[in-house]
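Engineer: One structure, pasted below without further comment.
Residue numbers (the working numbering), protein chains in the order written: chain A, 604 to 749; chain B, 604 to 749.
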């Protein structure tokens, strides 16, 4: 299975950090390959979109399958699939963002915690009910932050 | 960018259909590579998880960048990134499911609209507020169904 970038993230967020949840307000741009501009038509009608991207800075020598959630040691080690660490067998990121504007092949979005230069793999419209779970619960060790 | 399957979907959903939204109640299993079982530890504390998978049946000769949403011609053609068609430049699927049970390397989930045999690429915990958008809106042409 091989992937091709459909675009690239342009952001002031330049370095990995454990504080990604603080990025809910950051405004960034997604520059889509101009040859794919037509595939964006109609997206501007949605308030939110889902960005699937490649975590290109996620290179780790460490092969362990557990980590501390958000760098917090208190809850103990958790499996990589139980946390949102970029250190994953397949370094795929998924973030729900607010779509502020589409200008041709450029999407201006809010809340994208992808590092500048991240290859974008897919853009999907956010569909309430399908993408959300109104009754979702998380374990006590998850700090939902602000 | 290359991917490796971390597991496989086992489901009674065997053929592609435009009626995926009707699959909210289907129960399926995700069989994760036993070598990665440790990476699932802690996931059982979440009520919902996000499944990222490969749309392995999504092979199209047609190279057009637009399609009819959910096979419905009434709204006209929309860009591939504005709909949830499996026909995407990178055939990556993303579904939020209810996690019913984890038994070792097997996740029993509800609402997974991936076809039987789909390679699974990633499992992420669903985090309300981060993955959801309470004020999200969609265009009139999106039929949210039931």
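Heads up, the beta-carbon is just placed ideally off N, CA and C, and yes, glycines get one too.
Since this is a predicted model, take the numbers as computed values, not measurements.
If you draw a straight line from the alpha carbon of residue 617 of chain A to that of residue 717 of chain A, how long is it in whole angstroms?
Structural biologist: Taking the first chain and counting its residues from 1, the one referred to as residue 617 of chain A is at position 14. Taking the first chain and counting its residues from 1, the one referred to as residue 717 of chain A is at position 114. The straight-line gap from Cα to Cα measures roughly 9 Å.
Engineer: So within the stretch 623-699 of chain A, which uninterrupted beta strand (DSSP E) runs reach at least 3 residues, ignoring any that extend past its ends?
Structural biologist: Listed in chain order, the complete beta strand (DSSP E) runs (minimum 3 residues) inside the stretch 623-699 of chain A are 630-635 and 651-657.
Engineer: Measure the Cβ-Cβ separation of residue 699 of chain A and residue 670 of chain A and say whether it is below 8 Å.
Structural biologist: Position 96 of the first chain holds residue 699 of chain A. Position 67 of the first chain holds residue 670 of chain A. Against a cut-off of 8 Å, the Cβ pair of residue 670 of chain A and residue 699 of chain A comes out as no contact.
Engineer: Rounded C-beta distance between residue 725 of chain B and residue 609 of chain B? I'm assuming under 8 Å.
Structural biologist: Position 122 of the second chain, counted from the start, is the residue given in the question as residue 725 of chain B. Position 6 of the second chain, counted from the start, is the residue given in the question as residue 609 of chain B. Confirmed, about 7 Å.
Engineer: Residue 726 of chain B lies in the beta strand (DSSP E); which residues open and close that run?
Structural biologist: Within the second chain, the letter at position 123 stands for residue 726 of chain B. Taken as a continuous stretch (DSSP letters only), the beta strand (DSSP E) holding residue 726 of chain B covers 722-728.
Engineer: Give me the residue from A:637, A:644 and A:694 with the minimum Cα distance to residue 659 of chain A.
Structural biologist: As a working mapping, residue 659 of chain A is identified with position 56 in the first chain. Cα-wise, what sits closest to residue 659 of chain A is A:694.
Engineer: Taking Cβ to Cβ, would you say residue 697 of chain B is nearer than 8 Å to residue 730 of chain A?
Structural biologist: Sequence index remark: in the second chain, residue 697 of chain B carries index 94 (1-based). Sequence index remark: in the first chain, residue 730 of chain A carries index 127 (1-based). Not a contact, by the Cβ cut-off of 8 Å.
Engineer: Assuming residue 634 of chain B and residue 703 of chain B make a contact with CB atoms under 8 Å, what is their CB distance in whole Å?
Structural biologist: The residue labelled residue 634 of chain B in the question sits at position 31 within the second chain. The residue labelled residue 703 of chain B in the question sits at position 100 within the second chain. In fact, because the Cβ distance is near 15 Å, the residues do not count as touching under 8 Å.
Engineer: Going along the stretch 604-636 of chain A in order, which residues come within less than 7 Å of chain B, judged by CB to CB distance?
Structural biologist: Those residues of the stretch 604-636 of chain A that come within reach of chain B (Cβ to Cβ, closer than 7 Å) are 604, 605, 606, 607, 609 and 624.
Engineer: Quick test of your reading: residue 644 of chain A and residue 681 of chain B, contact by CB under 8 Å. State the CB separation rounded to the nearest angstrom.
Structural biologist: Translated into the one-based positions of the first chain, residue 644 of chain A becomes position 41. Translated into the one-based positions of the second chain, residue 681 of chain B becomes position 78. That pair is a contact at about 6 Å.
Engineer: Against chain A, which members of the stretch 633-664 of chain B pass a CB distance test of less than 7 Å?
Structural biologist: Listed by position along the chain: 639, 641, 642, 643, 644, 645, 646, 648, 649, 650, 651, 653, 655 and 657.
Engineer: Mark residue 705 of chain B as exposed unless 16 or more other C-beta atoms lie within 10 angstroms of its C-beta, in which case mark it buried.
Structural biologist: The residue given as residue 705 of chain B occupies position 102 in the second chain. Buried, by the Cβ-count rule.
Engineer: With which residues is residue 740 of chain B paired in a DSSP beta bridge?
Structural biologist: Taking the second chain and counting its residues from 1, one reaches residue 740 of chain B at position 137. Note: residue 740 of chain B sits in no beta bridge, so no partner.
Engineer: Can you pull the chain A residues whose beta carbon is under 8 Å from the beta carbon of residue 722 of chain B, in chain order?
Structural biologist: In the second chain, counting from the first residue as 1, residue 722 of chain B sits at position 119. 604, listed in chain order.
Engineer: Where does the unbroken beta strand (DSSP E) through residue 713 of chain B begin, and where does it stop?
Structural biologist: Here residue 713 of chain B corresponds to residue number 110 of the second chain, with the count starting at 1. Per DSSP, residue 713 of chain B belongs to the beta strand (DSSP E) from 709-713.
Engineer: Just to confirm, are residue 657 of chain B and residue 722 of chain B a CB contact at a threshold of 8 Å?
Structural biologist: Within the second chain, the letter at position 54 stands for residue 657 of chain B. Within the second chain, the letter at position 119 stands for residue 722 of chain B. Taking 8 Å as the Cβ cut-off, residue 657 of chain B and residue 722 of chain B qualify as a contacting pair.
Engineer: Can you tell me the Cα-Cα spacing of residue 638 of chain B and residue 743 of chain B, whole angstroms?
Structural biologist: In the second chain, counting from the first residue as 1, residue 638 of chain B sits at position 35. In the second chain, counting from the first residue as 1, residue 743 of chain B sits at position 140. Each residue's Cα considered, the two are about 46 Å apart.
Engineer: Name the chain A residues that come within less than 8 Å of residue 682 of chain B, Cβ to Cβ?
Structural biologist: Along the second chain, one-based indexing puts residue 682 of chain B at 79. Those are 641, 642, 643, 644, 645 and 646, listed as they occur along chain A.
Engineer: Short of 8 Å in beta carbon distance, which residues of its chain neighbour residue 655 of chain A, apart from the five on each side in sequence? Order them along the chain.
Structural biologist: If you number the first chain from 1, residue 655 of chain A lands on position 52. Cβ neighbours of residue 655 of chain A beyond the five flanking positions: 695, 696, 697, 723, 724, 725, 726 and 727.
Engineer: Give the residues from the stretch 669-693 of chain B that approach chain A closer than 9 Å (Cβ to any Cβ), ordered along the chain.
Structural biologist: Taking 9 Å as the Cβ-Cβ cut-off against chain A, the residues of the stretch 669-693 of chain B that qualify are 669, 672, 678, 679, 680, 681, 682, 683, 684, 685, 686, 687, 691, 692 and 693.
Engineer: Mind checking which residues open and close the beta strand (DSSP E) that includes residue 732 of chain A?
Structural biologist: Taking the first residue of the first chain as 1, we reach residue 732 of chain A at position 129. No beta strand (DSSP E) contains residue 732 of chain A, which DSSP labels as neither H nor E.
Engineer: Residue range of the beta strand (DSSP E) that residue 611 of chain B falls in?
Structural biologist: Looking up residue 611 of chain B in the second chain gives position 8. Run containing residue 611 of chain B: 610-613, per the beta strand (DSSP E) assignment.
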